[in-house]
Amino acid sequence: GDQFYNTTVNPNDEVHVLVCVIPADTADQIEDEVITKVQEIRRAASELDIPQVAIITRIDKACPKLKKKLKKVYKSTTLKEKMEQLSVNVGIPMNCIFPVKNYTKGPKSKDEVDSLILSTLAQIINCGEDSMNHKMNQSE
-19 GDQFYNTTVN PNDEVHVLVC VIPADTADQI EDEVITKVQE IRRAASELDI
31 PQVAIITRID KACPKLKKKL KKVYKSTTLK EKMEQLSVNV GIPMNCIFPV
81 KNYTKGPKSK DEVDSLILST LAQIINCGED SMNHKMNQSE
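No gaps in the numbering here: position 45 of the sequence shown is 25 in my numbering, and each next residue is one more.
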């Protein structure tokens, strides 16, 4: 066997959430073989009861209006269409796809950008925590 294979797995060693990260500006250009691979990985994760989410990045590149008005992120029909297409392609439900804007220049933080990122991270943590609690309750 593999000398690095852990035979005594505890909850800290397990995967609690599968996160797929896709750039919004090229989401409609994903090759079929990549989509198929993501679907296969999702199926395997589902069999293990691992929840799955997606982060759709570079939203300002896909929807230039968001560069100046990031607060309108959930009102953008262009972004909604990108998210819907991602949902159809890989099978992740819309309520599990989270938009974020990447930082591109310098270390200066921006509250609107931070807010989206932190909200996404909080959702991922909650998803993992819910999954862990569910698994622990099943084993009792």
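The C-beta atom is built at its ideal place from N, Cα and C for all residues, glycine as well.
Annotated as distal: valine 33 and isoleucine 97, with beta-carbon spacing of 8 Å or more. By the criterion of a C-beta distance shorter than 8 Å, methionine 112 is surrounded in its chain by Pro(-9) and His(-4), once the five residues flanking it on both sides are discounted.
The closest CA to that of aspartate 29, considering only Ile35, Asn(-14) and Glu(-6), is found on Glu(-6). Using a Cβ distance threshold of 8 Å, valine 70 and isoleucine 39 do not count as a contacting pair. For threonine 37, the uninterrupted beta strand (DSSP E) segment begins and ends at 32 to 37.
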